[in-house]
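Residue numbers (UniProt numbering), protein chains in the order written: chain H, 1 to 347; chain U, 1 to 318. Some notes on the structure that comes next.
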């Protein structure tokens, strides 16, 4: 059994393009849920706004790439306003109900056959990512070597001996942009949550009536958090769509939202770096388990009769779910959360 | 990290200078909290109310709050139906009444936490019945809650700072540029420290508010309300669930509010407390204002005894 391959794969993925999607989505969720206490169960729909906004603008309406980005962001803002205006004056659970329903509506609309000429229906869309990859500054045919880092006709290999990280030329560009965005939003978040504005958000999370009695317009603050978190969700959608070079409606199910929550809780909610650490660990474990099991079945470490390769996918999610349950019992604060803070009674 | 260090430095800079006047005051002033200027507050309050007749809706020489025809019905049940009430500026006014009299509902209406079925009221010369709760607070009328609302997973200091009014850094875009609000924040921090000193919470400033005892939370809530520099402070059962030792210090704090020129309106059940600190008492029963007067007048009023004190009165004599 090839442990080296399994670890290399898992570690490659742990800082790769997909992990960045989870990290970005969870950063947005961290502002909404971690700091403000808003139960947004529709983060997948905000990602879909970004992904579909970009794809439809470029493919169906033939607009330039940057227009697509602008439209994706605008769509996320509009959606946040639409969801927020009726629900943010009400109790927290109403937002949860409305967002989970809205996310499903968005997905159903995207896969509806009626508009399949513009949205691509259940097949989704491709062919919008070329302008993005044309901007790729990494030379596609470079070949060089420096210590343990080498470039083999555009393919980056970082060889640590016991394991190695490998990224294709396109992955490199997605990761460059993705990590830049992650760092950018982490910087913004760090400034915001340590400002008086962030203090009001935390106050709202604790007790919005109290904050209201202190002269703060709670509705406006909640709306700002929902909109900004949604914008970051749309950015996650851009990276998601661009890294796969296609959009498909059925990737934006509620599962997607719950992965963002898993990532956030795993890393530690209301901590700046929580989402990034959570995303890396989540995606590392996912790949380690699935690659490990596949290798184990192939090498017949696990006998054929016990587990077939098609059963591995569901089994991995079962194991991750179990891990999540154990995490909530034994380490509810996540990787870097504050247990003392979490254990205080909240009225 | 640097944030914390800086705030530590700040604290060590400001703490001694903050302490000095407070200690002096503690030494020279009697525990009743009456500095020479302090006596002025109560004297003025008594003088202003001297000629006011003890009847419901009596008009006051300089009312800060004037409410007319305030009515709140929940379906068929009329919870509040107050014809007229004026609260004299600079006094401590108690709002008493048996359970279910509508005191807290009336409170919620005045502070914008509930909407009236009908009625108007003016606060400090502005019509306030259309204001939302946060606008009421900004206008200078700040309330506390019957069940204390400490922001549990925030530090005591953050609880105080969030109360400060018109903060530049509370705008989202301004939050991104610390230099725009650092100076204001430092000033607010200084004010918070002196308030915490006054309310004896200074040693708790870095603890989570959730770690405070019930009584300390009451103190924190009152101190936090003062961060808004209100004109009028509304206390909803400030003594509920507070032990007798702390009760006395809370009473002194409330008296100090009057000496600082604030108007206090509070809901209370404890008649001893009402007697001790209130300049004026308004009595509600079944949603209506049944009478008003000084504490002595109220105790002697047969209507009040019937409506509210009756049961206690009988029980006490047995």
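Even for Gly, the Cβ is constructed at its ideal location relative to N, Cα and C.
- With fewer than 16 neighbouring CB atoms inside 10 Å of its own CB, residue 313 of chain H falls in the exposed class.
- Within the segment 223 to 241 of chain H, the residues whose Cβ lies closer than 7 Å to any Cβ of chain U are, in chain order, 224.
- Contact between the segment 82 to 93 of chain H and the segment 151 to 171 of chain H is absent: fewer than three C-beta pairs spanning the two stretches fall below 8 Å.
- Taking a Cβ-Cβ threshold of 8 Å, the residues of chain U close to residue 218 of chain H are 134, in chain order.
- Interface flag for residue 233 of chain U against chain H is unset, since no Cβ pair is found closer than 8 Å.
- Proximity of chain U to residue 207 of chain H at the Cβ level (cut-off 7 Å) is accounted for by 149, 151, in chain order.
- In this structure, DSSP gives residue 127 of chain U an extended state, which the three-state scheme calls strand.
- Residues 104, 107, 143, 144, 145, 146, 267 of the same chain have their beta carbon placed closer than 7 Å to that of residue 236 of chain U, with the five preceding and five following residues left out of the count.
- Residue-level contact by beta carbon fails for residue 86 of chain H and chain U, as no gap is shorter than 8 Å.
- By the CB criterion at 8 Å, residue 274 of chain U and residue 293 of chain U fall outside the cutoff.
- For the segment 316 to 340 of chain H, there are no residues whose beta carbon sits under 7 Å from a beta carbon of chain U.
- Close CB contacts of residue 102 of chain U within its chain, under the 7 Å cut and outside five residues either way in sequence, are with 79, 80, 284, 287 (chain order).
- Separation of residue 1 of chain H and residue 319 of chain H (C-alpha to C-alpha, rounded to the nearest whole angstrom) is 21 Å.
- Within the segment 107 to 139 of chain U, the residues whose Cβ lies closer than 9 Å to any Cβ of chain H are, in chain order, 111, 112, 113, 132, 133, 134, 135, 136, 137, 138, 139.
- The count of Cβ pairs closer than 8 Å, one atom from the segment 210 to 223 of chain H and one from the segment 191 to 210 of chain U, stays below three, leaving the stretches out of contact.
- Not one beta carbon of chain H lies nearer than 8 Å to the beta carbon of residue 267 of chain U.
- Closest option to residue 154 of chain H, judged by alpha-carbon separation, among H/41, H/195, H/147, H/166: H/166.
- Chain-order list of chain U residues neighbouring residue 192 of chain H: 172, 175, 176, by C-beta distance under 9 Å.
- Listed in chain order, the non-local C-beta contacts of residue 228 of chain H below 7 Å within the same chain comprise 31, local neighbours out to five positions each way being set aside.
- Judged by pairs of C-beta atoms under 8 Å, the segment 228 to 235 of chain U touches the segment 152 to 172 of chain U, as three or more such pairs exist.
- In terms of CA proximity to residue 94 of chain U, U/277 leads the group U/277, U/306, U/71, U/133.
- Annotation: residue 238 of chain H to residue 178 of chain H spans about 10 Å, alpha carbon to alpha carbon.
- Taking the CA atoms as reference points, residue 216 of chain U sits about 36 Å from residue 326 of chain H.
- Judged by beta-carbon spacing, residue 143 of chain H lies within the 8 Å limit of residue 151 of chain H, meaning their Cβ atoms are closer than that value.
- The beta-carbon of residue 28 of chain H is placed no less than 8 Å from the nearest beta-carbon of chain U.
- Residue 63 of chain U has U/88 as its beta-bridge partners, per DSSP.
- Looking at the DSSP output, residue 234 of chain U sits in a beta bridge with U/143, U/265.
- Using beta-carbon distances, residue 96 of chain U does not count as an interface residue toward chain H, since no partner is under 8 Å.
- Residue 39 of chain H and residue 95 of chain H do touch by the CB rule: their CB atoms are close to 6 Å apart, below 8 Å.
- The C-beta of residue 8 of chain H comes no closer than 8 Å to any C-beta of chain U.
- Between residue 50 of chain H and residue 236 of chain H, the C-beta spacing is below 8 Å.
- Fewer than three pairs of CB atoms, one per stretch, sit closer than 8 Å, so the segment 117 to 137 of chain U makes no contact with the segment 207 to 215 of chain U.
- Under the three-state reduction of DSSP output, residue 41 of chain U falls in the helix class.
- Using beta-carbon distances, residue 89 of chain H does not count as an interface residue toward chain U, since no partner is under 8 Å.
- Contact note: residue 185 of chain U reaches chain H through 196, using a C-beta cutoff of 8 Å and chain order.
- For residue 49 of chain H, the enclosing alpha helix (DSSP H) covers residues 43 to 55.
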